[in-house]
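A.B. asks: Take this structure, written in structure tokens, and hold onto it; I'll ask about it next.
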Amino acid sequence: MTNLTKMEFDVEELKKALIEKCESEGILYAMVAIDRRTKEVILPDTLQGALKHPEYLVCTCKKVEDKYIVEEITKT
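Residue 229 in my numbering sits at position 38 of the sequence shown, with consecutive numbering throughout.
Take a look at the structure:
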């Protein structure tokens with residue numbers, strides 16, 4: 192049987208994917224949920240709803256000067 196954690200991307204990979212998306216789309220600030228299994232970036236309807244899904248990494252991404260900073264809202 193496959194271990195579920197091996198099917199998930201690690202947090203650093205998810206953060207990198209979010210930064211790449213923000214850079215490519217010129218986003219200055221975003222609060223998003225990222226599916227740990229697919230790297231899909233989701234704009235949640237509510238923060239509370241996103242926090243209820245253990246498969247989501249909920250975080251903010253903001254541009255500060257010439258770099259992006261990602262801060263986690265949820266931890267595993």
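Glycine residues also receive a C-beta, built at the ideal position from the N, C-alpha and C atoms.
Distance check for D201 and A208, CA to CA, integer angstroms please.
C.D. replies: Those two C-alpha atoms are separated by around 11 Å.
A.B. asks: Checking the sheet assignment: what are the DSSP bridge partners for I264?
C.D. replies: Looking at the DSSP assignment, I264 forms no beta bridge with any residue, so it has no partner.
A.B. asks: Within a Cβ cutoff of 6 Å, which residues of the same chain sit near T196, ignoring the five residues on either side of it in sequence?
C.D. replies: Bear in mind that a pLDDT of 48 at T196, under 50, signals an unreliable position, so the model cannot answer this.
A.B. asks: Give a yes or no on whether the C-beta atoms belonging to R228 and L248 are separated by under 8 Å.
C.D. replies: For R228 and L248, no; Cβs fall outside 8 Å.
A.B. asks: Which value, in whole angstroms, describes the spacing of the CA atoms of G217 and I264?
C.D. replies: Roughly 22 Å between the two C-alpha positions.
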